[in-house]
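Visitor: Structure provided below as structure tokens; questions to follow.
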Ligand SMILES: [Zn+2]
Ligand SMILES: [Zn+2]
């Protein structure tokens, strides 16, 4: 097969959930739509240079993200999320006016991810000037392990809450609709 | 949202079958896997510079593709395919030793694609030095319209065949297994 087509298919197959067939289909589409393809390539190259916010670990173009810079946001409430997918989801729904902390992972001994890999020292530092920490984490073994670690780490010095019950057990937070999320926020309860 | 993430999501959504959710997931994966992401971007930029073979319209890095340059291939048999997906599929199965002609489309009055858009003059020219033309096209309105146009164009001067019956009506050629394809090739019949 043509070397550069083979290379493209090979690298696209690394994307999560993309097999040989889809990679071939996307590769041919890209070759047939070269303007869009060049735009995608350019946007990838720009996006990989995004940094993590020095305060909250949200993605940003500069050192500190727009949310942390926004003086209208309530800095005394920190919502801890696993990925920025959850942050983006919450932001698009406009139901939360505090700030965030993005963990970029959960403690998972099975996958070799431990507390030291999660930058929790920074969260501890941020928590010192806050009044409430909301743990917006998946209801899974890893989510609960991480929540418990954070609770122990903050050691009773701050109010720690979680989304209200009403979220089905084992449900992925990123699949919830606006109403469920809003209710879960309003009824949040202390750990 | 972060501008460069938004741009990346926006351009990835143009890929066929990719919606907002998948585009976000792929974008975040790319940002978190910057080495793979840079490789994908580089491979896209190389692949969009692929040319079409001057003889058969297969994709290639130079003017003429490896299949047309290969002296062991039977140049007197031309297999006409709609897309190079079919060509790649047939090549990976090693069941055909002739050459190809890639149409890059089918006649479709509904979509405004007419014979003049398919580079059929070049096929006519190639057919002059060939003994057999195999029409390996989908069994659809567009596939049959295109087949009939080619038959009329070549005007009885050459043997024109199609894959043997056994391919289910309306079935997409690219979904067939090796055995079905091989049988269809062996039992090909004249139009
Ligand atoms: Zn921030
Ligand atoms: Zn060729």
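Chains as they are written, first to last, in my numbering: chain R, 24 to 214; chain C, 24 to 214. From the three backbone atoms N, C-alpha and C, an ideal C-beta is built for every residue, glycine too.
1. So with CB distances below 8 Å, who are the chain C contacts of residue 49(R)?
2. Are the CB atoms of residue 169(C) and residue 110(C) nearer to each other than 8 Å?
3. Among 48(C), 115(C), 55(C) and 66(C), which has the Cα closest to the Cα of residue 53(R)?
4. Measure from the alpha carbon of residue 37(R) to the alpha carbon of each residue in 40(C), 26(C), 62(C) and 36(C), then state which is nearest.
5. Counting along the chain, where does the alpha helix (DSSP H) carrying residue 99(R) start and finish?
6. Are the CB atoms of residue 47(C) and residue 108(R) within a distance shorter than 8 Å?
7. Any heavy atom of ligand 2 closer than 7 Å to the Cβ of residue 79(C)?
8. Any contact of the region 168-187 of chain R with the region 130-149 of chain R, i.e. 3+ C-beta pairs under 8 Å?
9. Residue 118(C) and residue 58(C) - do their beta-carbons sit closer together than 8 Å?
10. Suppose you measure from the CA of residue 139(C) to the CA of residue 203(R); what does that come to, to the nearest Å?
11. Helix, strand or coil: how does DSSP classify residue 131(R) here?
12. Below 7 Å between beta carbons is the criterion; list the residues of the region 51-62 of chain R that meet it against any residue of chain C, in chain order.
13. Consider the Cβ of residue 71(C): report whether some Cβ of chain R lies at a distance smaller than 8 Å.
14. Output yes if chain R places a C-beta closer than 8 Å to the C-beta of residue 111(C); else output no.
15. Mind checking whether the beta-carbon of residue 87(R) lies closer than 7 Å to any heavy atom of ligand 1?
16. Could you compute how far the alpha carbon of residue 81(C) sits from the alpha carbon of residue 182(C)?
17. Can you have a look at residue 40(C) and say buried or exposed, based on whether 16 or more other CB atoms are within 10 angstroms of its CB?
18. Quick one: which chain R residues come within Cβ less than 7 Å of residue 64(C)?
19. Flag this pair as yes or no: are the beta carbons of residue 70(C) and residue 28(R) separated by less than 8 Å?
Guide: To lay it out plainly:
1. 38 and 39
2. no
3. 66(C)
4. Nearest to residue 37(R) by alpha-carbon distance, out of 40(C), 26(C), 62(C) and 36(C), is 62(C).
5. From DSSP, residue 99(R) is part of no alpha helix (DSSP H) but of the beta strand (DSSP E) over 97-104.
6. Yes, the Cβ-Cβ distance between residue 108(R) and residue 47(C) is below 8 Å.
7. Yes, Cβ of residue 79(C) sits closer than 7 Å to a heavy atom of ligand 2.
8. yes
9. no
10. 56 Å
11. Residue 131(R) falls in the strand class under three-state DSSP.
12. 51, 52, 53, 54, 57, 59, 60, 61 and 62
13. yes
14. yes
15. yes
16. Linking residue 81(C) to residue 182(C) through their CA atoms gives a straight-line distance of about 23 Å.
17. exposed
18. Simply 64, 67 and 68.
19. yes
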